[in-house]
Amino acid sequence: MGRGRERSAEPAQHTAKPRQLLISRFFAPAAPAAPAGRAREREETSPVATKQPQQENVVDARGTEEVCERGVRTSSSDLKRQWPILHQSAEPAAAKKPRLEKEVPVDVESTLSTRDPDLRRRFVEKLRDFKPAWEKVAAGETLASLAPQPRSHLKLTPLEEQVEQIRRCNRNTVLVVQVGYKYRLFGADAQLASRVCGLFAYVDHNFLTVSFPVHRVLFYVRKLVLAGARVGIVRQIETPALKKKAAAASCSSASTTFERKLTDLFTRSTMVGLLDEDNVDDQDEAIETGSRPNCSFLVGLYQDEGTGKLGMLAVDSANGDVLYDEFFERSDVVFDQLDARMHALDVVELLLLKDHVTPRLESYVKQYKKLMPHIRVERVDIDFDVQPNLGTAAPFPQTVWPCVEACRKYLCDFQLDRALEYATDFSVFRSSAELRMDRNVISHLDILGHPSSTGGSLLGHMSRGCRTSFGKRCMKFWILKPLVNALHIRARLGRVDAVRNTIRQGSDSRQFQAMHAALAKCPDLERAVVKIHHLKCSPAELVQTLSWLVRLLRLAQKLAKSNELPLDVDQEGDGDANECLMGMALKSSGLIQYLETCLGLLDTEMAMKKRSKGDSSETSPDPAIELKPDQFAQLFRGRAVESISQGMLLKNHHPELSAYFEHVATIDRLHAQGDKCLMQLERVRTAIGKELKRTVDWKKVATEEFLIEIPLRDAPRVPSSWKRINQTKSVVRFRTTETSTAMQALNETREQLGLEAAATWRAFLVLVNAEYVAIRSLVRALGAFDATCALAVVSLTPGYVRPEIFDENSTPAGLQAMQARHPIVEQSMTFVPNDVRLGLALDKTSDACDPRCLIVTGPNMGGKSTYMRMVAMLAIMAQMGSYVPANSMALSPFDAIYARMGATDNIASGRSTFMTEMNDMAHIMHSASERSLLIIDELGRGTATHDGSAIAAASLEYIVQSMQSCCLFVTHYPNVVAQMCRRDVRTCSAMYMAFLQEERESADMPPRITFLYRLTAGIADCSYGLNVARLAGLPEDIVQFAGKKSEELERDVYRRETCAIVETLLLNAEISPTQNHSLSVSPRDVMASQTIGGSES
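Using UniProt numbering, the first residue of the sequence shown is number 1, and each one after it goes up by one.
Encoded structure:
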């Protein structure tokens, strides 16, 4: 708005409103210097461009009336530059009017109404009909994928040509380009940024553009990435002083465009450094995404066409977790096992192998993309003959190797290929030592909760005692992967008991309290260590991370020596070595010495210096996150000799150490060179003072340094060779030729120092990263310790008890719990406890055991589904090593939990509700074993009553007789229950949720029901759905009419089935002449017919 504008000499007619429209002379009345008729003739004959770029925040094409309400601010000089034809006139240009100091608001309605109505009409029509090129988006394309098309009649500027060249090499990438002290986006990228980030978009030369200061780059890049875009940061890799020096050496011009290069790429799975709270300036504008921020997985998929085996690799580059698995999908319709794994992970990107995707996998990805639209799908071309070198040989399945190579090649573009450098970071997603859970278990049992929150879930309940972020992630890992080995479960329970007893000691456990309190204050060490591994860590983060690691290690050593927490992991038999914090601490003296030596190589006070408020220096994932270049170089100044003496302790890391020493020596040399330049400037200042015969001090104004300030009255007496830089009303600032020469040398040294400091910092991170494996193991042990403390906090909840674990090799899988409760429901309401007896044989001298199948009936809303969820949660909690809400509990571990619950369809894959039910049951029958726990809720309700009851009866019989799994089977078909319980008395038990039936208020109204929520032996004769309809608020006349129809249908069904039984008996009597032909129907037969023919209301 600083450019001059020509204004009308006539006072504008307007009212004082808070929001008024400021317009340029293109919309203003004609200048009074010309006659009115002549001015109108000029407006009517002035040619108007047919194509005018439309801006969403500038002009609204719906008409001038709506434009007046929104208000715009345009620049006359901008319009001249963008549309020169608009300002061509047959008349010579009028004399330039004096510049106004203040904007004059103009009322558009009053202004336009005084002009030619025909001109106004034609102007509005052009606004309505105009559609710029970048808004003409083809169907199926996104703004981020469009390459903006410049206007062909104007020549591209050098900057625009440079951006277009970078864009051609990086398709489908939103480019954020550094231009001086701002970052800019062009074309469709600018339109996307305007919509997502709320930035003002305007036309500059040939492109729509937006801009923001350099210190806000992380904030806006983060928003664009979370919106699903692939964002690249293009930075200037040339510095002004070195560019000028190179131009002088080559006798070329120094005014050419700065060289720029794509330095960083980000997607939602590669946001290393963008999710940290320290890098977000506005905490109110937090992450707006449907995915939990703790984990963001990139998943590579490959299916072998010959064998049908499917391999997957999941990489979380922010946390350093790498999971792999290979499995065979039996179903030709859906990928059940892959779907369960995808649901357990927070997947944000899918990676497929170009030209190596089977039709079945392609179909699955399309369906998954429809259900999860925020997922990005990328395709990579790899060489199948190359296997990645991971240092240590890893026993990967054959189908996993292509996924590893595809992920490595993809992450190379983001400088994150170090995530696959060590085989120790790899772990199998599903192993035989872990409890398997399908997608329905995780979703319907509220294991993880809502994607954006863990409230009301098992994860939220169990992790409420965690003090650290990496401890919560460890707890999530334990919940998703419970143990199946009884020895390992008892070992974890033993550690929980030890921490529980230590907490109950109170003030007597000082070392434990100090350790526990320190964990509550420490940062996210896991992510910080991974950032060091990727060489994307700032000095402040590094010093903070190493300091906390040293502090926690020393506290762990004191805790181990105090015997307050006697943890003997090896004797307990736990196979997870990462949980041995105490043993690791006692052997970590060398690691502590290494970390302290690394800290001694830096100026820690300078590293922890924070950015001053208002500082506009760049914030980025680069090393100099918090420090300016000159401060950044101070980290290493004067530490060459000291570093060598201290670095002798790091004798096992000679390559990294020697490279670091070379960089430090170069920094010291550049510092000495810079001191010489400062001394030269000091000599110049002294000489100027002698020449002026007064004391002279250097002045700095904004970015201009080493200025000589002279009063305005003395300015004519300065030498003519002095160059005037700027001035005010009272002083003039000059710079001499000698000062410019010395300052040029100083700037060259400073810029070389900044580049060398960045290289030195990278070498230092490589030096620290030499112990990455040991440091990461330590952080994992700290996370496991924090999670163990959280389990101990849960165990102190009143009413929780330690489960008794039986050996899985000698005892069939089963569960017994007395007065058990649901761990989540009881937190919000009074919960009626129930007993659980399922498949466990505690009496070794007898063959008798609890039934392996509980068939549960009862009224709607009676608590059947809650009871099933409670049983499954008890099993998960016990097998992860936690106390459970019950008076007592015994468990022989299950190997898997499967669930068929809910009534949902899958429109994206073309599956109805009943088809979804059948797919789930098919997956269970193909996957479950005799040690599995099955949760089946109202199977067959998605179709007709007779078909549904037949499928439920057949499925239940197959589960009981063939699969022999532990099963909780909820149904509303009493005939199915009666038939199975008569056939398998020992393995099946009929139960129902107790209730009280009140007397009818009238003959036409259904009875009222009081739920008791108590599991009782027997069969419920009715589902009492009309009572739920009344509770839901259906009108009384509808409930009354439904009650009549229910009684009529029940009598009709009873009459028809009784007649069918009689006819069958008569037919049998006629066919068997040897039997007695006298037919009699006993009361027992009538009762049997009532049981068999019973159906729900």
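C-beta atoms are modelled at their ideal positions from N, C-alpha and C, and glycine is treated no differently. The structure displayed is predicted, hence computed values, not measured ones.
Query	Result
Skipping 5 residues on each side, what residues in its chain have a beta carbon closer than 6 Å to that of Gly-940?	Gly-948, Ile-951 and Ala-952
Can you tell me the Cβ-Cβ gap for Met-608 and Gln-634, rounded? I've got them flagged as a contact below 8 Å.	Actually they do not touch by this definition, with Cβ atoms about 12 Å apart.
Quick one: give me the first and last residue of the alpha helix (DSSP H) that Lys-446 is part of.	According to the sequence shown, residue 446 is Asp rather than Lys. From DSSP, Asp-446 is part of no alpha helix (DSSP H); its letter is neither H nor E.
Pull up the DSSP beta-bridge partners for Tyr-364, would you.	Note: Tyr-364 sits in no beta bridge, so no partner.
Rank Pro-523, Ala-922 and Met-271 by C-alpha distance to the C-alpha of Asp-336 and give the top, closest one.	Ala-922
Using DSSP bridges, identify the partner residues of Tyr-800.	Pro-885
Under 8 Å by Cβ, that's how I've got Gly-881 and Ile-489 pegged, so tell me the actual separation to the nearest angstrom.	6 Å
For Val-801, which residues from the same chain have a beta carbon less than 7 Å from its beta carbon, with the 5 sequence-adjacent residues on both sides left out?	Tyr-883, Val-884, Ala-886, Asn-887, Ser-888 and Met-889
Name the DSSP beta bridge partners of Phe-212, please?	Tyr-183
Measure from the alpha carbon of Ala-784 to the alpha carbon of each residue in Ala-770, Met-475, Tyr-660 and Thr-157, then state which is nearest.	Met-475
Ignoring anything shorter than 4 residues, give me the alpha helix (DSSP H) runs that lie fully in the stretch 781-834, in order along the chain.	none
Note down, in chain order, each residue of its chain lying with its Cβ closer than 7 Å to the Cβ of Ala-517, except the 5 sequence neighbours on either side.	none
Hey, Leu-978 and Ser-929 are a contact pair by Cβ (cut 8 Å); roughly how many whole angstroms apart?	Looking at the sequence shown, residue 978 is not Leu but Ala. 28 Å between Cβ atoms; not a contact.
Whole angstroms are fine: how far does the CA of Gly-187 sit from the CA of Lys-261?	19 Å
Does the count of Cβ pairs from the stretch 719-735 and the stretch 772-782 closer than 8 Å reach three?	no
Pairing CB atoms from the stretch 172-191 with CB atoms from the stretch 218-234, are three or more of them under 8 Å?	yes
Going by C-alpha to C-alpha distance, which of Ala-227, Asn-726 and Thr-399 sits closest to Leu-310?	Thr-399
Starting from Met-312, follow the beta strand (DSSP E) in both directions and report where the run begins and ends.	309-316
Roughly how many whole angstroms lie between the Cα atoms of Leu-1066 and Ala-954?	28 Å
Tell me the residue span of the beta strand (DSSP E) that contains Phe-995.	988-997
Assign Pro-1035 to one of two classes, buried (16 or more other C-beta atoms within 10 Å of its C-beta) or exposed (fewer than that).	exposed
Report the residue from Phe-1041, Glu-709, Glu-738 and Ser-507 whose alpha carbon sits nearest the alpha carbon of Asn-726.	Glu-709
Please name the residue, chosen from Lys-366, Gln-513 and Pro-539, that lies closest to Ala-757 on a Cα-to-Cα basis.	Pro-539
Residues bridged to Cys-853 by DSSP?	Cys-967 and Cys-988
List the residues that DSSP assigns as beta-bridge partners of Lys-245.	The partner list for Lys-245 (beta bridge, DSSP) is empty, contrary to what the question assumes.
Pairs of beta-carbons, one from the stretch 583-600 and one from the stretch 531-547, closer than 8 Å: are there three or more?	yes
So who's on the other strand from Ala-899, going by DSSP bridges?	Ile-935
Only counting the same chain, and skipping five residues up and downstream in sequence, which positions put a Cβ closer than 6 Å to that of Ala-314?	Phe-297, Val-299, Leu-323 and Leu-345
According to DSSP, is Tyr-1024 helix, strand or coil?	coil
Going by other Cβ atoms of all chains shown within 10 Å of its Cβ, with 16 needed for buried, is Ile-532 buried or exposed?	buried
Am I right that Pro-482 and Gln-879 are in contact with their C-beta atoms under 8 Å? What's the rounded C-beta distance?	4 Å
Give me the residue from Asn-440, Ala-990 and Val-214 with the minimum Cα distance to Leu-956.	Ala-990
Quick one: using the 10 Å Cβ neighbour count with 16 as the cut-off for buried, is Lys-155 buried or exposed?	exposed
What three-state label does DSSP hand Arg-837 in the structure shown?	strand
With a cut-off of 8 Å on the beta carbons, I'd call Ala-193 and Leu-224 a contact; round off their distance for me.	6 Å
Between which two residues does the beta strand (DSSP E) holding Leu-707 run?	704-711
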